[in-house]
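J.: Yeah, the sequence shown ends on 81 if you go by the working numbering, and it's all consecutive. The beta-carbon is built from N, C-alpha and C at its ideal position, and this holds for glycine as well. The structure's right below; bear with me while I get my questions together.
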Amino acid sequence: ELQTAREVIRASAKAKEAAQENLRLAQGRYQAGVGSIIEVTDALVQFARADLKYVQALYDYRISEARLDKAVGRTY
Numbered sequence: 006e007l008q009t010a011r012e013v014i015r016a017s018a019k020a021k022e023a024a025q026e027n028l029r030l031a032q033g034r035y036q037a038g039v040g041s042i043i044e045v046t047d048a049l050v051q052f053a054r055a056d057l058k059y060v061q062a063l064y065d066y067r068i069s070e071a072r073l074d075k076a077v078g079r080t081y
């Protein structure tokens, strides 16, 4: 479970980076007058979704860690 959570974090981080780059490009096209505000807005929404998935992956990883700690009797 912990290994799967790590893999999801890595994949989510890559997706977030790709969405951020797409947003940067969309903003550049808009500023150059060859892109639309709709394109920028769509890219912004995709970035926000990717960021949310990344944060959710981090949360899931921490939950998995806590479950493992509980299973092995670790307390804090």
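So, helix, strand or coil for residue 80, using DSSP?
T.: If DSSP states are grouped into helix, strand and coil, residue 80 belongs with coil.
J.: Assign residue 48 to one of three DSSP states: helix, strand, or coil.
T.: In the structure shown, residue 48 sits in a helix (DSSP, three-state: H, G or I).
J.: Between residue 55 and the rest of its own chain, which residues show a CB-CB distance below 6 Å, the 5 nearest in sequence each way excluded?
T.: Counting only Cβ-Cβ distances below 6 Å, and skipping sequence neighbours, we find 20, 21 and 24.
J.: So, using beta-carbon positions, are residue 14 and residue 64 closer together than 7 Å?
T.: No, the pair does not count as a contact, with Cβ atoms beyond the cut-off.
J.: Just how far apart, CA to CA, sit residue 33 and residue 80?
T.: One C-alpha to the other measures close to 51 Å.
J.: Rounded to the nearest angstrom, how far is the Cβ of residue 49 from that of residue 30, given a contact under 8 Å?
T.: Not really, about 12 Å apart at Cβ, beyond 8 Å.
J.: Is it the case that the Cβ atoms of residue 53 and residue 17 are separated by a distance below 7 Å?
T.: In this structure, residue 17 does not lie closer than 7 Å to residue 53 by Cβ.
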